[in-house]
């Protein structure tokens, strides 16, 4: 009996050992529920998959997968870098972004060219994913939701190419045949340096498709592209294409669509609320909604900018170049964006001219703003002026400026004085919003920091129009892995 | 699954309570030819595994059935067989040949003489001497061809192990660990080193091929102690010791005045060399000095008066504080270890029970490692021929870490922080007069909200205000049942189940440090890993005509590994020191997932030997792995080997008087590798598929691509050719083991870099081939061998040459500084070439090839030199080895273990960071005193210049010779003499004094080339080739007592 029990035990043991080993087919399938593979998306319909890829790109815009440093937070960091390169920011005690400020961050082995390149192309690839998922869709049978997804995908892809071509080559007007950047669409894979104009062909085609797909759906929320923000993009893009027939008329048309789509900021409260919450910015056309789960803490825009936060902005104060500050009218509500006097705060002295336009709403969870409607009144004004229509230029300018200065009038400004007024008011309006450098490149303006006295004394004060430092080198990683690119930009 | 587990457990438990016996007791004494009592001679009942060992008086006693035969043996002595009786006197004669040790091999054991492959064995004695909390660290310098980098000093951390160089690039390079016959995926630190009987390192494919797909990087077999038949033996071991810093810091500036004046010069040089030079550079430097640094470290001197515009320092400067970061960071840690084990056994059953406790305090406050372990190993013969074996091991570990331990790159890394912070900042808060600012009578840590270096961090304060603890419960179970038929046929089934549940709790203080902005942060990581392995084996062994021995093995094995992960994070704490989610309000992360991997295998082996002279072995294994897509899943692996004991041939007899052993071994085998890793070194479970991460876009599901998969991916294959020689001279007084091998890897798993413009950084591919060829040797010599005095030296060494033999294109830039090219090595550095300093102005210069003329020219623009990068050296050393010597005199023994490396280069990026042009608040290496100045214009170090990134651009300037010599361990022991022991009623008592990591000699103080092998303490990268700041290695001193009753 005893022996029988023992044998039974052993038998059980052997059976257990063998039982586990039963070789079913599924035994040899890995599990990895941390991620989703395309096979596992089988249960998601086309819309859900496409929408999820698109949504993922919106997150990557501010929380990029390849984040490399605390001065790297996606599109807003790249925008901010361009502001540091231009003439309106003074950075007397420079921290992160000092090399952009010093005009020496364009070489192939530096972080900025690399993050600009990698992050924009990652979003282009994601948009190609969306378009691939939807490629069999007959556009005539597309639902509203499908059209909006497609429209946003084209819009975002086109805009990414627009930023890239302008950071990795001189503007269109300088030489449209200059070697540009690789192009990836569903139809084309051109890994070499396609010319600037070839890249613009893709940009225009994408954005026009986007606009026509989105047209009629109106504005829902700023964190997704819509017909108005895409119109704004088209206005920016056309302002670069100097050989386009009726160039400025197109710029006017799209500018006004974007400008009039959103109510203008009216009050001092609205203009001084920190630009940290998309829903609280009436003019917001496009931005990123951020929360405590998706934010990037110290490595964020508000960490760099906000002098009251625990971030870098409270140590390396970001100031307005005082020559520009001095041109802000005393009655201009925008003057509140900068400290008029030194300010004591928590035992330290925040210097005069420090920006308080961008103030964190707490714990670095603030939203990012990429585009707002006011910009397009200025762009429309410039376009009207370039068409020789000063009257309408004045109207466009006054529309926005009346909301900034009570009783503002541009009647007295004519000719180049009017153009200068448009330019200076745009610089004040869009300080720190990533617009200035593109304008300087497009217009061929030279850098001149000599009039401001609060710059770091040894910073570069002057650069000629379209200088070498404003064109990034194609990063090392791309040069090493891409056999189709042999020539790089000068440094 | 649960049911299976229960069944298994009941099997193990049932067999525990079944020890029984009733027979005669054989007893007696074992002596050598001169009548001296032999200690530790083994007495075994012939035909069984039952046995005993003689005590210090040479006596033994053993219960055996009447009429059995006893086999007496001892290393260096001829075996004797006698019928069992009481009061025996057994004389053992010296043997010429000690080859017949039994060693543990794949799926069994073998006589060393019949082993055809290449392996190294480390015994319990070696492991006992070291004060290691992970057994991986005990192997450093012990086996030729096994490189062990134990660069991390965090108590409880594991070392990185590599056998015969790097066989892989993107796949894992870590050897397979097998614990008591079953693959072990757990943490090495859960194995109590005291429980280990032996470790076998299988290096060539013939010995490892039975592990097939998993053996490409070699196999480490760990065997735990088992009970021995005979008198119950109790062993008690106590070790008490201290831990101190093992490697000095880099020689950085410690004098604040020197730092201030150097930084002033850096600002001055910045002013005169800027694109817009300053009109008054001296004024610029004096005015900007303190605003840049953020702190005035002196009392009563205006910020701009510390150094005047002429560069002259104010006289009589009085320091506001004299805190020393480097000094305060470290402490002396206390280490205590207790082990008890009881070995007992009868004819039918044996038992080994052990209890162990280790408390190992680190050299940083609040860091340490606790381990409590209990193990029971049982063997039981149920009925004749039917044997059960089981072991149960429970281990509880608690590891207190600091954030630095795991995040080498971060600002919060304590080791990096204290090395790099300028000596001008205080640890504590001081007022303008230099008095401590106290709160409730306590000093307040200064987190430096305005400090130019690492704002809002103070790792010395965070050690106390933050928490980081990993507790882990591990259960390791082994069970086997085997039934042997008299005809030589054995059936066996083995099960192994390893479970480890770890829980990491991390808290960042809401009141101090960088988490203040989110009011504190709590993180929890719970990881449960399970490995279930089952195999069924049939073995047939038969000897024919007393000359031919044939052994056949066939079997089936299945393996499943499960990784169950949970991670959560909340911010907004209420209580300051409670690291629980219930104490926090805002959820910032919540992740969980399960990953599994499975392998199914069919295996077979044929062994044949003829007359103990000729040996032949072959094996075949077919593996299917879940890592690859269905069509690419299965791989076949096989091996053949042979050996010839030439010294046993008749024609050799004349030489036997001086050369007692001469054996030749030859083998060839294949193995595979499926440990696919991503670019950061994490395992990828579905490398055949594109992978997306689900993220939250404000309440909408969003997918972000993480990984580009390759459906065609398959096994990386390894072929190893091995030839070995074993020689013994003058009755084994001098021995030589020599191996030469070629290890060819094909279809190398490679994370092939893609142009980033495609949106993907890389894709896994089977693209390249590689060859490692090398030699290994162990030379042992008993230099003095007299009755009283014995002196032995063992030298082991290995040389491996690595070559990339096939690549899909001329060269692949693997990482920023590492290039793969055909004909090159896997560790090649591809760097710009430093050309020294321009004596005119102190700028760095680099060489470049002029594109038109091809001339070698110099430039001050490092980006222009990028096209002229060259192979500046290789990480791989020319030679690695270990030298061990033991001296025994009377009852004293002394042993010294060293290990060393000759050749190889490491990019000392730590040093490069300390040689910058001047980053506000970051310290300099003292070498900066020799930087270029107009007066010192022949220096090779460029001028200091604040924020100039070109001052320390990574080039071959920072490539440093990685040769080192490490004094691994010195142990002095004393054994109490026999007469004293009798009085104490003990069978042995040994007292020892031991020191680990006594000296590490490298090219530069603070430079530890070993950490370039592992990449970082987390061991994520294949290798980095660069230095970083992990938990600095520790030096331990300890006093140990080991008693046997």
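Chains as they are written, first to last, in the working numbering: chain Z, 910 to 1400; chain L, 59 to 1103.
For glycine and all other residues, C-beta sits at the position ideal for the given N, C-alpha and C.
Predicted, not measured: the structure shown is a model, and the values here were computed from it.
- Interface criterion met: the Cβ of residue 817(L) is under 7 Å from a Cβ in chain Z.
- Between residue 944(Z) and chain L, the shortest Cβ-Cβ separation is below 7 Å.
- By the CB criterion at 7 Å, residue 457(L) and residue 430(L) fall outside the cutoff.
- By the Cβ test, the segment 1339–1348 of chain Z is not in contact with the segment 1309–1323 of chain Z, since fewer than three Cβ pairs between them sit closer than 8 Å.
- At a cut-off of 7 Å between beta-carbon atoms, residue 480(L) makes no contact with chain Z.
- A Cβ of chain L is located within less than 7 Å of the beta carbon of residue 1027(Z).
- Within the segment 752–780 of chain L, the residues whose Cβ lies closer than 8 Å to some Cβ of chain Z are 752, 753, 754, 755, 756, 758, 759, 760, 761, 762, 763, 764, 765, 767, listed in chain order.
- The three-state secondary structure of residue 1198(Z), taken from DSSP, is coil.
- Put simply, the backbone Cα of residue 300(L) is about 40 Å away from that of residue 101(L).
- Straight through space, the alpha carbons of residue 107(L) and residue 135(L) are spaced by roughly 19 Å.
- Per DSSP, residue 1029(Z) has no beta-bridge partner at all.
- DSSP, reduced to helix, strand and coil, places residue 453(L) within a strand of the structure shown.
- The C-beta of residue 1226(Z) comes no closer than 7 Å to any C-beta of chain L.
- By the Cβ neighbour-count rule, residue 441(L) is exposed, with fewer than 16 other Cβ atoms within 10 Å of its own.
- In the structure shown, residue 429(L) adopts extended strand secondary structure according to DSSP, grouped into three states.
- For residue 1031(Z), a Cβ of chain L is located within less than 7 Å of the residue's own Cβ.
- At a beta-carbon threshold of 9 Å, none of the residues of chain Z lie near residue 358(L); the nearest stands roughly 20 Å away.
- Interface annotation for the segment 1143–1171 of chain Z against chain L: empty, criterion Cβ-Cβ distance under 9 Å.
- Listed by position along chain Z, the residues whose Cβ is nearer than 9 Å to that of residue 613(L) form an empty set, because the closest Cβ is around 10 Å away.
- Taking a contact as a CB-CB distance under 8 Å, the pair residue 1010(L) and residue 973(L) counts as one, their CB atoms being some 5 Å apart.
- Cβ-Cβ distances below 6 Å link residue 747(L) to 767 in the same chain, with the five nearest sequence neighbours on each side left out; the list follows chain order.
- According to the DSSP assignment, residue 791(L) belongs to no alpha helix (DSSP H), since it is labelled neither H nor E.
- For the options 1234(Z), 1059(Z), 1296(Z), the alpha carbon positioned closest to that of residue 1151(Z) is the one of 1296(Z).
- Taking each of 1301(Z), 1353(Z), 1291(Z) in turn and checking the Cα distance to residue 1335(Z), the smallest one comes out for 1291(Z).
- Ranked by Cα distance from residue 1062(L), the first of 308(L), 806(L), 567(L) is 308(L).
- Under the 7 Å criterion on CB atoms, residue 353(L) is classed as non-interfacial with respect to chain Z.
- A straight line joining the alpha-carbon of residue 1005(Z) with that of residue 200(L) spans about 49 Å.
- Listed by position along chain Z, the residues whose Cβ is nearer than 8 Å to that of residue 536(L) form an empty set, because the closest Cβ is around 12 Å away.
- In the three-state scheme derived from DSSP, where H, G and I count as helix and E and B as strand, residue 95(L) is classed as strand.
- For residue 1035(Z), the chain L residues whose Cβ falls inside 9 Å of its Cβ are 761, 762, 763, 817, in order along the chain.
- Taken through DSSP and simplified to helix, strand or coil, residue 725(L) comes out as strand.
- In the three-state DSSP reduction, residue 777(L) falls in the strand class (E or B).
- The shortest C-alpha to C-alpha distance from residue 86(L) to any of 121(L), 147(L), 255(L) is the one to 147(L).
- For residue 965(L), the pairing in a beta bridge is given by DSSP as 1017(L), 1084(L).
- Put simply, the CB of residue 568(L) is far from chain Z, with every gap to its CB atoms at 7 Å or more.
- Rounded to the nearest angstrom, the gap between the Cα atoms of residue 778(L) and residue 835(L) is 17 Å.
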